[in-house]
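In this text, residue positions in the sequence shown follow UniProt numbering: the first is 1, and each later residue adds one.
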Amino acid sequence: MDIEQYGLTNQQKRFVLEYITDLNHSEAAKRAGYAKEMGTALLSRPQVQQAIQDLSHELAESKVMSAKEAWENTSDMARASMADVYDFSDPENPKLKPLSDEVMKNVHEIELSDGKIKKLKLYNRKDAQEMVNRMHGLYTVKHEHSGPRGQPIEVTHKYDDMEELLAKMDEMIEGKKMKQAEIIDVEIKKDELDIARSGGEGTV
C-alpha cells in the first residue's frame, strides 16, 4: 500500500504506522511527536482512519508474519474453550486432556500443586473478540468536542482566512528551506489548526 495516496503529513503517516503496532492512539501520538491528547483527534480524521484500515488489512494478508501471526493468535484466543483443555464426558469428574502447544498458547494462567495442574485459566474470550473486532475496524468511535458548560469552542487566529494560513504552512514545508525539526513543528501546528477548524479542541 502506498501511504502517500492519503494526503497525510509526515507526522500523520508516522502516527498511522505507530498506531497499527498496538492500537493505542495516545501512545502512537506520543511516538509520532504529538502530545498524547492529540491521538483521539487524529484518529477521528477520515483520511487517517482510511489509511489505518487499509494498511491493517494489507498486513493481515501479507507475508509480514509478525502482524499476521498476532491476528491469528488473537483469533485463537477468542475461539478457545475449556473443552479444549478438559474432557467433560463425566461432568462430575472432568479430566485434563494432554495439552498440546496449540492449546497451551491460549492458556493465560496455570496453578500447580505437588507438580500437578490444580487450576488452569484461559485468556478472556470477550477481550480477545473485542480486539479482533477492532483489528477489522468494526468499531467506529465518534468524538464530539465542546467548550466550557457545553458551549461551542471558539477558535481565534490572526488570519481572516484559515485556508490562507494552512496554505502558507504548506508552502513553508514544500519550500524545503527549513530544518527537519522546524518542518515537524510546522506540520504539528498545521494539524492542530486543521483539527480546530473542523471542530476539535483548543484555541490557536
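Just so it is clear, CB atoms sit at the ideal spot from N, CA and C, and this is done for glycine as well.
**OP:** Return yes when the Cβ of Q49 is within less than 8 angstroms of the Cβ of G33, no when it is not.
**Re:** Their beta carbons are not under 8 angstroms apart, which means G33 does not touch Q49 by this criterion.
Original post:
Do you know whose CA, among I117, E102, Q53 and P94, lies nearest H136's CA?
Top reply: Comparing Cα positions, the closest option is Q53.
Original post:
Is E111 helix, strand or coil by DSSP?
Top reply: Of the three classes helix, strand and coil, the one that applies to E111 here is strand, per DSSP.
**OP:** Would you tell me roughly how many angstroms separate the C-alpha atoms of H25 and F88, rounded to the nearest one?
**Re:** Rounded to the nearest whole angstrom, the CA to CA distance from H25 to F88 is 43 angstroms.
**OP:** Have a look at M131, E111, I3 and I117 and flag the residue whose alpha-carbon is nearest the alpha-carbon of K97.
**Re:** For K97, the nearest C-alpha among the options comes from I117.
Subject >> Cβ-based neighbour list, K119, same chain, cut-off 6 angstroms, excluding 5 preceding and 5 following >> reply: The answer, listed in chain order, is E111.
**OP:** Inspect the beta-carbon positions of A128 and A78 and report whether they are closer than 8 angstroms.
**Re:** In this structure, A128 sits near A78, with a CB-CB distance shorter than 8 angstroms.
Subject >> A35 and A28 closer than 8 angstroms at C-beta >> reply: No, Cβ-Cβ distance for A35 and A28 is not below 8 angstroms.
Subject >> Residue span of the alpha helix (DSSP H) that contains K105, given as start and end >> reply: Per DSSP, K105 lies in no alpha helix (DSSP H) segment and is marked neither H nor E.
Original post:
Any idea what DSSP makes of Y86, helix, strand or coil?
Top reply: Secondary structure at Y86: strand, using DSSP grouped into helix, strand and coil.
Subject >> With 16 other Cβ atoms within 10 Å as the buried cut-off, status of T9 >> reply: Classified as buried, T9 has 16 or more neighbouring CB atoms from the shown chains inside 10 Å of its CB.
Subject >> Straight-line gap, V107 to D191 (C-alpha atoms, nearest Å) >> reply: Each residue's alpha carbon lies about 43 angstroms from the other.
Original post:
In terms of alpha-carbon separation, which member of Y19, N73, N133 and K126 lies closest to T40?
Top reply: Of the candidates Y19, N73, N133 and K126, the one whose C-alpha sits nearest the C-alpha of T40 is Y19.
**OP:** Tell me whether K97 sits in a helix, a strand or coil according to DSSP, three-state version.
**Re:** Residue state, collapsed to three classes: coil.
**OP:** Could you tell me which of L59, M38 and S44 sits nearest to L17, measuring between CA atoms?
**Re:** That would be L59, whose Cα lies nearest to the Cα of L17.
Original post:
For L8, which of helix, strand or coil comes out of DSSP?
Top reply: It is coil, neither helix nor strand.
**OP:** Using the Cα positions of E109 and Y123, report the straight-line distance between them to the nearest angstrom.
**Re:** Rounded to the nearest angstrom, the two C-alpha atoms are 8 angstroms apart.
Subject >> For R31 and K105, the rounded distance between their alpha carbons >> reply: K105 and R31: Cα-Cα distance of roughly 30 angstroms.
Subject >> Outcome for L43 when other beta-carbon atoms lying within 10 angstroms are tallied against a minimum of 16 >> reply: Buried, since its Cβ has 16 or more Cβ neighbours within 10 Å.
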